[in-house]
Amino acid sequence: MPNETLNVAGDDNFVVGADSYSSSTTLEPACYVMAMNVLNRGGTVQTRPGSKVMLDLPDGNLQGLTVFKPTNGTWYMVFAVDGDVYASAHPFNTYTKIPSIKFSKYSKYIAWANCVQFTETNPDGTIAILENPRNVLVMADGYTQTAFWDGSIGRHLDPVKNETPVGLWMHWSNNRLWISRGTQIFASDIGNPLSFTEATYLNEARAFYLPGDCTGISETADKEGIMCFTSESVSFIKSSIQDRDKWLTVDQFQQNLLSDLGCVAPRSIVQQYGLLWWYSANGLISQNDAERVSISSRLDIQDDEMFESKSTMSYDLSSIAGVGYENFLLHAVPSGGSLNTHVHVLDQAPFEQKVNAWSGYWTGWRVTEFASAVIGAQRRVFACSVDYDGKNRIWELFRKDKTDNGIPITCWLATRTNLFENRDYKQFRYIEIELCNLVGDVSIACGIRGLRGAFQPVLTKEIKATKGQVYYDQDYGYNANELAGSRAQTRIIRSQDGSAATECNSACVESDISGLIDKGFQAVIAWSGVAGINAYRMFSQSIPQAYQGTCEKDEEENNLLSVYGCGIEGLFIQNLGPWPEYWAKATFTQTIDSNTATASRTASSFISQTDANRKAMKTAQWVVGRQLGTL
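Just so it is clear: in the sequence shown, position 16 is 286 by our numbering, and no numbers are missing.
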């Protein structure tokens, strides 16, 4: 019907980001409801960076991870399982247990503090400057004696000898270690995180006191002091004053900044670009250093847009962990269970503007703690995770290959609901999607729903954006791939015209009209592989309706919808949803230097059978590679 006039709606960029808190019919252009495993840069939604397993860890209670650089200059990843502390030297291929350090296997957290010792206390109480300062990693669990490790020497510390007291949350700030124990905050001797011999404290007490148990400590970006959190309060201590004798005379050396908006997740505290972020009982909070003096006023919750993920979060938020990377802020949260299954991603530079935009959430890990450092002139982000198979592992995130261990990443984007500028009834006709950044094999699917009912599939497609040199039989020389190699590709794809009701939507309990006839339509675009979405357009046909009242009838039968929106009883019994699920099993065998390994793995996909087959084989290949030591 080339001359037919159709209604057109859609978006040509997604710079505003995700918002699942507002009604999908009221979202502004360039906004979408939610997305999984994507980045949102320059208005284009695309596959997130990849990740890779760095280390398989011992089984047991995974208690934490940090990175540490001793004075000798070698970077280490340090982690704790069942109270044992392990160290892995760069390039992080193996690890060894640190002797003489043992914490409780039942402790939920091991807390870390990177410090610099440049003084020591003489027997007569005087302080001497060390000729060779050393970097020291201090660690604590709140129950066992605090311990330290400098890359070679490690042991527990004895508070009876005026060494570091038993404590938990701590921070190295202005040449002192500040460590908490319950409601108390202790400060070390200047330049020595292992010694607590100085006796002059505020009010001549042994410690500073908080209105509740400490739930985290962070230094302010301007280095003026430390923020000490409880679950319901925030206090500031001016740690920048080096002369301890002056602490008693400085006005407001300790200040109570907030009395009803504390931190419930100690590992959620992140300092990034002058903003301090933490997770309160109500959600994510940010505070600017420049506004610290007057933050007793109202602070807004910053992650309401992530309501879809937050609505299924565990009541216990204490495990939430955060990290900053470039302009990204990541928080792993316990959505749908007690472990951190979703990583909320806030992009603070989606379009070269000073505007925050939520990309959505990432999946693939169950993060216990993040760690980040500049290693070899490159910012690297690691995460320790209790994976879905129950094994403890350390992953590296933000890898450029955009796969997880070589396995394609499944992504999806749920658009806003397009009303086509009015609330009259329409018939959905088709959707046009502009794809970009296509690399390799990509499986894509699209579903449409109205204001009522479930999504129903309208499009599936396999795309081959082949990687490699343009001419396979030519040798272009070293570093010639940018001139002669392949580049990312684009496609414009369309769904079929029109769509009848699926089995899932055949009994629409919310409306007398079945099929894709409604006042507005929303799309979910899912893909597996490396791809991006620049824009989409929906086309619909108006269905004139008589403008008149009617006599409404009472509903006498029970009406029930599944979580997917299906309205037919049989689907509840079979536990089926609106999307078909494809399963595959693959076996891979490889021999290297007379060593043979075989692995069989299953995989599923809601996109296509081809995608399930590909993921099963890639997973089996990864397992074999780990067994043979090639990965």
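Virtual Cβ for every residue (Gly too), placed ideally from N, Cα, C.
Short Cβ contact (8 Å threshold) for Pro429 with Thr485: Reading the sequence shown from its first residue, position 159 is the one you call residue 429. Reading the sequence shown from its first residue, position 215 is the one you call residue 485. Contact: no.
Please report the straight-line C-alpha distance between Gln512 and Asn462, rounded to a whole angstrom. In the sequence shown, counting from the first residue as 1, residue 512 sits at position 242. In the sequence shown, counting from the first residue as 1, residue 462 sits at position 192. About 13 Å.
Leaving aside the five residues before and after Val286 along the sequence, list all residues of the same chain whose C-beta is less than 7 Å from its C-beta, in chain order. If you number the sequence shown from 1, residue 286 lands on position 16. The answer, listed in chain order, is Glu298, Ala300, Cys301 and Ala627.
Measure the C-alpha to C-alpha separation of Thr900 and Pro319 and round it to an integer number of angstroms. Stepping through the sequence shown from its first residue, residue 900 is reached at position 630. Stepping through the sequence shown from its first residue, residue 319 is reached at position 49. For Thr900 and Pro319, the distance between alpha carbons rounds to 22 Å.
Nearest-angstrom Cα distance between Thr872 and Lys885? What you label residue 872 is simply residue 602 of the sequence shown in a count that begins at 1. What you label residue 885 is simply residue 615 of the sequence shown in a count that begins at 1. Each residue's Cα considered, the two are about 8 Å apart.
Would you identify the three-state DSSP class for Lys580, choosing helix, strand or coil? For the purposes of this step, residue 580 is taken as residue 310 along the sequence shown, with counting starting at 1. In this structure, Lys580 counts as helix in the three-state DSSP scheme.
Shortest alpha-carbon distance to Asp671 belongs to which of Thr296, Thr317 and Asn310? Start at 1 with the first residue of the sequence shown, and residue 671 comes out as number 401. Per the Cα distances, Thr317.
Could you round the C-beta distance between Ser798 and Ile877 to whole angstroms and report it? I think they count as a contact, below 8 Å. Walking along the sequence shown from the start, residue 798 turns up at place 528. Walking along the sequence shown from the start, residue 877 turns up at place 607. With 8 Å as the limit, Ser798 and Ile877 qualify as a contact, their Cβ atoms being about 5 Å apart.
Of the listed residues Ala551, Ala491 and Gln454, nearest to Pro481 (C-alpha basis): Your numbering for residue 481 matches position 211 in the sequence shown. Residue Gln454 is the option with its Cα nearest to Pro481.
Could you check the C-alpha separation between Cys716 and Leu599 for me, to the nearest Å? Residue numbering aside, residue 716 sits at position 446 when the sequence shown is read from its first letter. Residue numbering aside, residue 599 sits at position 329 when the sequence shown is read from its first letter. Cys716 and Leu599: Cα-Cα distance of roughly 29 Å.
Let me know if Ala560 comes out buried or exposed under the rule of 16 or more other beta-carbons within 10 Å of its beta-carbon. Sequence index remark: in the sequence shown, residue 560 carries index 290 (1-based). The pLDDT assigned to Ala560 is 48, lower than 50, so where the model puts this residue is not dependable; a value taken from the coordinates is nonetheless given after this. Residue environment for Ala560: exposed (fewer than 16 other C-beta atoms within 10 angstroms of its C-beta).
Buried or exposed: where does Asn707 fall if 16 or more other Cβ atoms within 10 Å of its Cβ makes it buried? For the purposes of this step, residue 707 is identified with residue 437 of the sequence shown, where counting begins at 1. Buried, because 16 or more other Cβ atoms sit within 10 Å of the Cβ of Asn707.
Does Val893 come out as helix, strand or coil in the three-state DSSP assignment? For the purposes of this step, residue 893 is taken as residue 623 along the sequence shown, with counting starting at 1. Residue state, collapsed to three classes: helix.
Alpha carbon to alpha carbon, how far is Lys888 from Gly676? Along the sequence shown, one-based indexing puts residue 888 at 618. Along the sequence shown, one-based indexing puts residue 676 at 406. Distance between the alpha carbons of Lys888 and Gly676: 7 Å.
With a threshold of 6 Å on Cβ separation, who are the neighbours of Trp439 within its own chain once the five nearest residues in sequence on each side are excluded? Counting from one through the sequence shown, the residue named residue 439 turns up at place 169. Excluding positions up to five away in sequence, the list reads Ala381, Ser450, Cys484, Gly486, Ile487 and Pro536.
Suppose you measure from the CA of Lys855 to the CA of Ala882; what does that come to, to the nearest Å? One-based indexing of the sequence shown puts residue 855 at position 585. One-based indexing of the sequence shown puts residue 882 at position 612. Answer to the nearest angstrom: the Cα atoms are 8 Å apart.
With distances taken between CB atoms, is the gap from Ile371 to Trp419 smaller than 8 Å? To locate residue 371, count along the sequence shown from 1; it is residue 101. To locate residue 419, count along the sequence shown from 1; it is residue 149. Cβ distance < 8 Å, so Ile371 and Trp419 count as in contact.
Alpha-carbon to alpha-carbon, Asn775 and Cys836: In the sequence shown, counting from the first residue as 1, residue 836 sits at position 566. In the sequence shown, counting from the first residue as 1, residue 775 sits at position 505. Between Cys836 and Asn775, the C-alpha separation is close to 6 Å.
Leu464 - DSSP class collapsed to helix/strand/coil: On the sequence shown, residue 464 is found 194 positions in, with the first residue counted as 1. If DSSP states are grouped into helix, strand and coil, Leu464 belongs with coil.
Cα-Cα separation, Met497 to Val540: The residue you call residue 497 lines up with position 227 of the sequence shown. The residue you call residue 540 lines up with position 270 of the sequence shown. Taking the straight line joining both Cα atoms gives about 12 Å.
Looking at the structure shown, is Val386 part of a helix, part of a strand, or coil, going by DSSP? Residue numbering aside, residue 386 sits at position 116 when the sequence shown is read from its first letter. Val386: strand per DSSP, three-state reduction.
For Met583 versus Val615, is the C-beta spacing smaller than 8 Å? Here residue 583 refers to the residue found at position 313 when the sequence shown is read from its first residue. Here residue 615 refers to the residue found at position 345 when the sequence shown is read from its first residue. Their beta carbons are not under 8 Å apart, which means Met583 does not touch Val615 by this criterion.
Write down the C-beta distance between Val348 and Gln333 rounded to the nearest angstrom, noting that I regard them as a contact closer than 8 Å. In the sequence shown, residue 348 corresponds to position 78, counting from 1. In the sequence shown, residue 333 corresponds to position 63, counting from 1. Your pair Val348 and Gln333 does not check out as a contact, with CB atoms roughly 11 Å apart and the cut at 8 Å.
Pull up the DSSP beta-bridge partners for Lys661, would you. Counting from 1 along the sequence shown, the entry for residue 661 is found at position 391. Answer by DSSP bridge pairing: none, since Lys661 is not bridged.
Can you tell me whether DSSP reads Thr913 as helix, strand or coil? Here the chain has residues from 271 to 901 only, and residue 913 is not among them.
Please name the residue in Gly819, Asp394 and Asp767 whose C-alpha comes closest to that of Pro727. Here the question's residue 727 lines up with position 457 in the sequence shown. Comparing Cα positions, the closest option is Asp767.
Would you tell me roughly how many angstroms separate the C-alpha atoms of Trp892 and Pro340, rounded to the nearest one? Working through the sequence shown from its first residue, we reach residue 892 at position 622. Working through the sequence shown from its first residue, we reach residue 340 at position 70. Spanning the two alpha carbons is a distance of roughly 33 Å.
On the DSSP bridge list, what partners appear for Ala793? Within the sequence shown, residue 793 is the residue found at index 523, counting from 1. Ile718.
With distance defined between alpha-carbon atoms, name the residue in Thr344, Phe362, Gly343 and Thr336 nearest to Val355. Within the sequence shown, the letter at position 85 stands for residue 355. When each option's Cα is compared against that of Val355, the closest is Thr336.
Count the CB pairs spanning the stretch 545 to 556 and the stretch 512 to 527 that are closer than 8 Å, and state whether there are at least three. no
Express the C-alpha separation of Gly738 and Ser422 in angstroms, rounding to a whole number. On the sequence shown, residue 422 is found 152 positions in, with the first residue counted as 1. On the sequence shown, residue 738 is found 468 positions in, with the first residue counted as 1. For Ser422 and Gly738, the distance between alpha carbons rounds to 46 Å.
Ordered along the chain, which non-local residues of its own chain (more than five positions away) have a Cβ less than 7 Å from that of Ser810? For the purposes of this step, residue 810 is identified with residue 540 of the sequence shown, where counting begins at 1. Hits under 7 Å: Leu276, Asn277, Phe690, Lys696, Gln697, Phe698, Arg699 and Phe791.
Taking C-alpha atoms, which residue in Gln860, Gly353, Asn688 and Ala551 lies nearest to Tyr806? Within the sequence shown, numbered from 1, the residue matching residue 806 stands at position 536. The shortest C-alpha separation from Tyr806 is found at Asn688.
Ala816 classed as buried or exposed, judged by whether at least 16 other C-beta atoms fall within 10 angstroms: Position 546 of the sequence shown, counted from the first residue, corresponds to residue 816. So Ala816 counts as exposed.
How many angstroms separate the CA atom of Arg663 from the CA atom of Trp517? Locating residue 663 in the sequence shown gives position 393, counting from the first residue. Locating residue 517 in the sequence shown gives position 247, counting from the first residue. Computed Cα separation, rounded: 45 Å.
Between Asn283 and Cys681, is the Cβ-Cβ spacing less than 8 Å? As a working note, residue 283 is residue 13 in the sequence shown. As a working note, residue 681 is residue 411 in the sequence shown. It is not a contact, given that the beta carbons lie outside the stated cut-off.
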